[in-house]
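Chemist: Numbering (the numbering used here), first residue to last: 616 to 1001. Below is a structure I'd like to ask you about.
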Amino acid sequence: MYHVSRTTLSLMCAASVAALMTACGGDDTPELQNPGASWPPQPTVTAHRGASALRPEHTLASYQKAIEDGADMVEPDLVATRDGVLVARHENEISGTTNVAALPQFASRKATKTIDGIPVSGWFTEDFTLAELKTLRAKERIPANRPANSAFDGQFEVPTLQEVVDLVKKESQARHKTIGLYPETKHPTYFKNIGLPLEKRLVDLLVANGYRGKDAAVYLQSFEVANLKELRKLTDMRIVQLIDNPANPPAANGAPRNAPYDFVAAGSKKTYKDLTTPAGLKEIATYADAVSPYKEVIIARTTSNELGTPTSFVADAHAAGLKVHTWTLRPENPFLPPTMRRGNVASPSERGDAVAEITAYLNAGIDGFFTDDPAVGRAAVAQFKK
């Protein structure tokens, strides 16, 4: 008779239990992580840095609130620590979003670096290990616009990408609903040049967490081009080319801000405006699945700062086979056209009719949008679909 040791039997039982849990929708829920090509629902509501109008951005609390308020996807911007861990921060300079400047033990870490051609002074994630970064606490980045968020200052850690993934998977399973990830690689040329490339780290972590190819509930995004092409070689996950405002003026030192930085670094004269043309969009379609421009590329503002007539961008992108998302639709008065502001229209924090602005973009034919308040975005989509 074939002899099975007690250790082997224990391992076989454990494997059987794991398989049973998977089959019954236990800890692993591949159908929620990989819902297929028909996902996400359209129009897609993406929580910009979480519910950043309601909680300090890029915190687990912000992502949690976004999910509770109906976001289809949450967006973690990604930078690297000194020990190579991906964490969620809008910038690698963190004095505006953490309490690092108030901590004497890190005073000597303050530095001035050139990021994408522009001198920046402060404290940088790549100068901290993850353990050190975890001693910091998040704070509201724009307290004048979001004073209520300042009540949460000092409460939340800087989350790792793994922690964001864990939250999304847990909430997807609990709600029996796919909640997607929309990670952005920040300053990829810079991070590559300092020996902390982002691309493989990102793909490896997602694959290790069960996300697979075009069926995955993931969009990978960047304002640069070369790193998206590199990502395309690493994965079939959906890719999005971000397009910044083509009208951005040069920085104070003359560095261009109207072009992907990898173009600038390579000496190319091409700009974001070139990417918005029919030919530029066809080129994007060779490596990306969607394009996400600054909102005024889709609906330019008039001389009185009102919404003008939609451009041909959405039609041109759709003709190239690209989905169209846009950014960022915010609820506070300063971010809205004058006729959509409400109450004290001069208030930096009072909210206006953000649903009206979102509706204008939905009428322009977009497939999805980034919003700082997913509850408002969800209300706009529900109203639009009636």
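Ideal Cβ positions, reconstructed from N, Cα and C, are used throughout, including at glycine.
What's the C-alpha gap between A746 and T740?
Modeler: Going from the Cα of A746 to the Cα of T740 covers about 11 Å.
Chemist: With respect to the alpha helix (DSSP H) encompassing G895, which residues constitute its N-terminal and C-terminal limits?
Modeler: Unbroken alpha helix (DSSP H) run through G895: 893-899.
Chemist: Which residues in the same chain have their Cβ closer than 6 Å to the Cβ of D987, if we skip the five residues on either side of it in sequence?
Modeler: Around D987: H663, S667, A668, R945.
Chemist: Please name the residue in Y976, A676, A880 whose C-alpha comes closest to that of V912.
Modeler: The shortest C-alpha separation from V912 is found at Y976.
Chemist: Sort S710, S964, F743 by Cα distance to R756 and report the nearest one.
Modeler: The shortest Cα separation from R756 among S710, S964, F743 belongs to S710.
Chemist: CB Y834 to CB I730, shorter than 8 Å?
Modeler: No, they are not a contact pair.
Chemist: Are there 16 or more other CB atoms within 10 angstroms of the CB of P656, so buried, or fewer, so exposed?
Modeler: That one is exposed.
Chemist: Y876 by DSSP, collapsed to three states: which one?
Modeler: Three-state result, Y876: helix.
Chemist: With the cut-off set at 8 Å, would you say L817 and P691 are in Cβ contact?
Modeler: Cβ distance not < 8 Å, so L817 and P691 don't count as in contact.
Chemist: Please report the distance separating the alpha-carbon of V780 from that of A870.
Modeler: Approximately 36 Å between the Cα atoms of the pair.
Chemist: Give me the Cα-Cα distance between F985 and Y797, rounded to the nearest whole angstrom.
Modeler: Computed Cα separation, rounded: 10 Å.
Chemist: On the criterion of 16 or more Cβ atoms from any shown chain inside 10 Å, does P803 qualify as buried, or is it exposed?
Modeler: Burial call: buried.
Chemist: For Y678 versus G665, is the C-beta distance shorter than 8 Å?
Modeler: The answer is yes: Cβ separation under 8 Å.
Chemist: Can you name the residues that DSSP bridges to H940?
Modeler: Per DSSP, G983.
Chemist: By how many angstroms is the C-alpha of V840 removed from the C-alpha of A874?
Modeler: So the alpha carbons of these two residues sit roughly 10 Å apart.
Chemist: With a CB to CB cut of under 8 Å and the five nearest residues on each side skipped, what residues in its chain are close to L820?
Modeler: Contacts found: L701, L776, Q777, V780.
Chemist: Would you call the region 673-687 and the region 718-730 touching, i.e. three or more CB-CB distances under 8 Å?
Modeler: With a cut-off of 8 Å, the region 718-730 and the region 673-687 do not count as touching, because too few Cβ pairs lie within range.
Chemist: Can you tell me where the beta strand (DSSP E) with Y834 in it begins and where it stops?
Modeler: Its beta strand (DSSP E) spans residues 834-837.
Chemist: Is R790 helix, strand or coil by DSSP?
Modeler: In the structure shown, R790 sits in a helix (DSSP, three-state: H, G or I).
Chemist: Out of E706, P758, A759, G732, point me to the one whose CA is closest to G882's CA.
Modeler: Ranking the options by Cα distance to G882, first place goes to G732.
Chemist: By Cβ distance, which residues of its chain are closer than 8 Å to N842, with the 5 residues on each side in sequence left out?
Modeler: Contacts found: T800, P803, T804, K807, L813, E814, D877.
Chemist: Assign R1032 to one of two classes, buried (16 or more other C-beta atoms within 10 Å of its C-beta) or exposed (fewer than that).
Modeler: The chain is shown only over 616 to 1001; residue 1032 falls outside these bounds and no answer can be derived.
Chemist: As a quick exercise: from H705, T750, D684, pick the residue whose alpha carbon is nearest that of A716.
Modeler: When only C-alpha atoms are compared, the closest one is T750.
Chemist: For I1036, name the three-state secondary structure that DSSP assigns.
Modeler: The structure shown does not extend to residue 1036, since the chain spans only 616 to 1001, so no value can be given for it.
Chemist: Thinking just about the alpha-carbon of each residue, which of T696, L922, P734 is nearest to the one in P952?
Modeler: Nearest of T696, L922, P734 to P952, Cα basis: L922.
Chemist: Among K754, K848, L896, T891, which residue has its Cα nearest to the Cα of G769?
Modeler: G769 has its Cα closest to that of K754, out of K754, K848, L896, T891.
Chemist: May I ask you to list the residues that DSSP assigns as paired with I913?
Modeler: Per DSSP, none; premise fails for I913.
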